[in-house]
Amino acid sequence: MAALLRAARTAWAPCATGRRFATGYIQRAAAEGRDSLLGQFQSTGDRFDSVLRGMECIKVEEGYVECQITVGDGVKNAYGTMHGGCTATLVDVLGTMALLSKDPTRPGVSVEMSQTFMAPAKGGEVITVTGTVTKYGRALGFTEVKLTDASGKLLATGRHTKAFPQKP
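Heads up: the sequence shown at position 96 corresponds to 96 in UniProt numbering, and the numbers run straight through without jumps.
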């Protein structure tokens, strides 16, 4: 019953502008646990992560998540390949999801993030994205994200470090 009440309270949350928006994967994981990350990606309404709406999470284990996304028109650059900003968003989101798979109540706050691009993700391709927790401490969480194509070719990697603020 308590979990249902928490979920009902978090169904809509205020944002920085005072508007209310539908909650996304972070709030859902806190209310329902790590298995809620499976399936279609739950973006936070019309926020930056809405470019990932077509993404599907196919595997969640403690400290590990695996998703797939098609390089569609909404994420392509002028060259017809995945925009670097989408890759950065994937590193941000998959790193956070990996941390949530360890503790759904601790999404953390980003303190560092980087991406390395090795090969283009072509339009129409299905990309597999994995997020792995490399170290999980009391104050910081470290993750590594990899993007590969259908043949397993490494397209990009990323690192994402998040702080876990202590509750007052």
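Idealized CB from N, CA, C, for every residue including glycine.
Would you give the residue range spanned by the alpha helix (DSSP H) that residue i belongs to?
i, result
"tyrosine 25", "25–32"
"lysine 102", "84–102"
Using 9 Å as the threshold, is the C-beta distance between residue i and residue j below it?
i, j, result
"valine 129", "leucine 90", "yes"
"threonine 87", "alanine 121", "yes"
"alanine 150", "glutamate 125", "yes"
"alanine 163", "valine 111", "yes"
"valine 145", "glycine 131", "yes"
"glycine 158", "glycine 95", "yes"
"valine 133", "tyrosine 64", "yes"
Quick check on DSSP: helix, strand or coil for residue i?
i, result
"tyrosine 75", "First, the amino acid is wrong: residue 75 is valine here, not tyrosine. Three-state DSSP puts valine 75 in a helix."
"lysine 153", "coil"
"phenylalanine 48", "helix"
"alanine 163", "strand"
"arginine 9", "Unreliable positioning characterises arginine 9 in this predicted model, as indicated by a pLDDT of 36, which lies under 50. The coordinate reading is nonetheless provided below. Looking at arginine 9 - three-state DSSP - the assignment turns out to be helix."
"phenylalanine 21", "Here the model assigns phenylalanine 21 a pLDDT of 42, short of 50, so the residue's position is not dependable and the matter cannot be decided."
"serine 43", "coil"
For the ligand ZN, I want to know if residue i counts as a neighbour, meaning its beta carbon is within less than 8 Å of at least one of the ligand's heavy atoms.
i, result
"glutamate 62", "The ligand ZN is absent from the structure shown, which contains no ligands of any kind."
The beta strand (DSSP E) with residue i in it runs from where to where?
i, result
"methionine 113", "109–117"
"lysine 146", "140–148"
"glutamine 68", "64–70"
"glycine 61", "Checking the displayed sequence, the identity of residue 61 turns out to be glutamate instead of glycine. Residues 56–61."
"threonine 81", "Here threonine 81 belongs to no beta strand (DSSP E), and DSSP marks it neither H nor E."
"glycine 131", "126–136"
Could you round the C-beta distance between residue i and residue j to whole angstroms and report it? I think they count as a contact, below 8 Å.
i, j, result
"leucine 38", "alanine 29", "Contact doesn't hold; Cβ gap of about 11 Å is too wide."
"serine 43", "aspartate 49", "5 Å"
Does any residue of chain C bring its CB to less than 9 Å from the CB of residue i?
i, result
"arginine 28", "The question asks about chain C, but that chain is absent: this structure has only one protein chain."
**Message:** Taking 8 Å as the cut-off, does the stretch 73–80 touch the stretch 101–109 (at least 3 CB pairs, one atom from each stretch)?
**Reply:** no
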